[in-house]
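Our numbering applies: residue 765 is where the sequence shown begins, and numbers increase by one.
Quick reminder that beta carbons are idealized off the backbone N, C-alpha and C, glycines included.
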Amino acid sequence: FQIKDDLFDYSPNNKTGKPAGNDIREKKITLPLIFALKQATGSEKKQILRIVGSKEPTAIALKTVVEFVNLKGGFEYAVKRMEDFKNKSLEILNTFEKNDAQIALQNFVMYATNRNK
């Protein structure tokens, strides 16, 4: 659920009503940003952290961070990790007897990873 929520911040087709870059504005360091920063040069990292740490980043600054995360593969990495967790969760759930609780948990896993809002 959390990774999917983090992805909305960097998605060009965000339909959540949550403005793009909102987590950045709130100074939240999310999985896509962490991965992107690990791929960054020293000067890139410094620039991005300065924006994230600023009191009120401009729309242009937020766009810079979103583009940086996408360019460095942070979005794709987070999608892959989310899919890995989803698949592992479903694999584990399939080891249990099929009943209402197991089905509800499977449905929740699918909802949490496939939602658009």
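A distance below 8 Å between beta-carbons, with the five flanking residues on each side excluded, links Gln866 to the following residues of its chain, in chain order: Leu857 and Phe860.
Ala825 sits close to Ile815, with the two beta carbons spaced by under 7 Å. Going by DSSP, Thr828 is part of the alpha helix (DSSP H) stretching over Ala823 to Leu835. For the pair Ala842 and Leu797, the CB atoms are not nearer than the 7 Å cut-off. Note on geometry: alpha-carbon atoms of Lys819 and Glu855 lie some 44 Å from one another. Going by DSSP, Ile856 is part of the alpha helix (DSSP H) stretching over Gly838 to Leu857. Lys836 places its beta carbon 7 Å or farther from that of Gln870. Relative to Ala876, the option among Phe849, Gly838, Thr828 and Asn863 whose CA is nearest is Phe849.
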